[in-house]
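Asker: The structure is given below, and queries will be raised subsequently.
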Amino acid sequence: MKKRKIGFALSLVLAAGTLLGACGTSDKEGTSGKNDKNDNFTVALVTDVGGVDDKSFNQSAWEGLKKFGEDNGLKKGTKGFDYFQSKSDADYKTNLNTAVRNGFDLTYGIGYKLKPAIEEIAGQRKNSHFAIVDDVIKDKKNVVSITFKEHEGSFLVGVVAGLTTKTNKVGFIGGTDSDLINKFAAGFQAGVKGG
């Protein structure tokens, strides 16, 4: 049952609230896994410094997790789902450890900036489960790495921008100079040229 809920939580947070099917297998035959009172599955989310109201990926992840909670009869708090907001990079390890100490079954680290902290805490807490979004952590059996082909969506946006511009000028503003944002920019530029 927990495998099903972990798979569903991963899917839902990734899609930021869109409807996706649960993945994995059920430990009990014939149960749907939805609102099963015998399976107290809990999920935590650790933000980067942007926080859950950043109008970007932290907020999307939080909205997806809330949707997962609603769909599965969970309440906000340690017996359901919750988030830990990082005010600075120094908060990442503290927040990850707090989530584990509170007994959450799965803890997400949202964004590549959490990679070093998740690597360290996952190494120390081998019986806890973690997921990192937008980066890859290898050789840790208790960590799932979630990445996207962000350049593909950005390509499509570039095509639309190129086809609809009336001034023959388009622009792209990335939030930070990083490999991830540069992949978005490359996809956008290719789309503008291809459109």
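Under my numbering, the residue at position 128 of the sequence shown is numbered 1173, and the numbers go up by one with no gaps. In this text, a Cβ means the ideal position worked out from N, Cα and C, and glycines have one as well.
In its own chain, which residues sit with a C-beta less than 6 Å from the C-beta of residue 1091, not counting the 5 before and 5 after it?
Answerer: Taking the sequence shown and counting its residues from 1, the one referred to as residue 1091 is at position 46. The residues are 1129, 1140, 1141 and 1154.
Asker: By alpha-carbon positions, which one of 1151, 1236, 1227 and 1098 ends up nearest to residue 1242?
Answerer: One cannot answer for residue 1242 here, as it falls past the ends of the chain, which runs 1046 to 1240.
Asker: If I'm right that residue 1232 touches residue 1200 with Cβ under 8 Å, what's the distance once you round it to whole angstroms?
Answerer: Taking the sequence shown and counting its residues from 1, one reaches residue 1232 at position 187. Taking the sequence shown and counting its residues from 1, one reaches residue 1200 at position 155. The pair is a contact, with the Cβ atoms about 4 Å apart (cut-off 8 Å).
Asker: Locate the alpha helix (DSSP H) running through residue 996, then write down its first and last residues.
Answerer: Outside the displayed range of the chain (1046 to 1240) lies residue 996, so it cannot be described from this structure.
Asker: Should the segment 1112-1131 be called in touch with the segment 1178-1190, which here means at least 3 C-beta pairs below 8 Å?
Answerer: No, because fewer than three Cβ pairs between the segment 1112-1131 and the segment 1178-1190 fall closer than 8 Å, the two stretches do not touch.
Asker: Within 10 angstroms of the Cβ of residue 1110, are there 16 or more other Cβ atoms? Answer buried if so, exposed if not.
Answerer: Sequence index remark: in the sequence shown, residue 1110 carries index 65 (1-based). Label assigned to residue 1110: buried.
Asker: For residue 1134 and residue 1094, what's the separation of their Cα atoms in angstroms?
Answerer: Locating residue 1134 in the sequence shown gives position 89, counting from the first residue. Locating residue 1094 in the sequence shown gives position 49, counting from the first residue. Going from the Cα of residue 1134 to the Cα of residue 1094 covers about 7 Å.
Asker: In this structure, does DSSP put residue 1083 in helix, strand or coil?
Answerer: For the purposes of this step, residue 1083 is taken as the residue at position 38 of the sequence shown. Here the model assigns residue 1083 a pLDDT of 45, short of 50, so the residue's position is not dependable and the matter cannot be decided.
Asker: Under the three-state reduction of DSSP, which class applies to residue 1133: helix, strand or coil?
Answerer: Mapped onto the sequence shown, residue 1133 falls at position 88. Residue 1133 falls in the coil class under three-state DSSP.
Asker: Measuring only the C-alpha atoms, how far is residue 1102 from residue 1182?
Answerer: In the sequence shown, residue 1102 corresponds to position 57, counting from 1. In the sequence shown, residue 1182 corresponds to position 137, counting from 1. Rounded to whole angstroms, residue 1102 to residue 1182 spans 19 Å at the Cα level.
Asker: Secondary structure at residue 1121, three-state DSSP: helix, strand or coil?
Answerer: Along the sequence shown, read from residue 1 onward, the residue named residue 1121 stands at position 76. Of the three classes helix, strand and coil, the one that applies to residue 1121 here is strand, per DSSP.
Asker: Using the Cα positions of residue 1235 and residue 1223, report the straight-line distance between them to the nearest angstrom.
Answerer: As a first step, residue 1235 must be located in the sequence shown, where it is residue number 190. As a first step, residue 1223 must be located in the sequence shown, where it is residue number 178. Cα to Cα, the separation comes out at about 18 Å.
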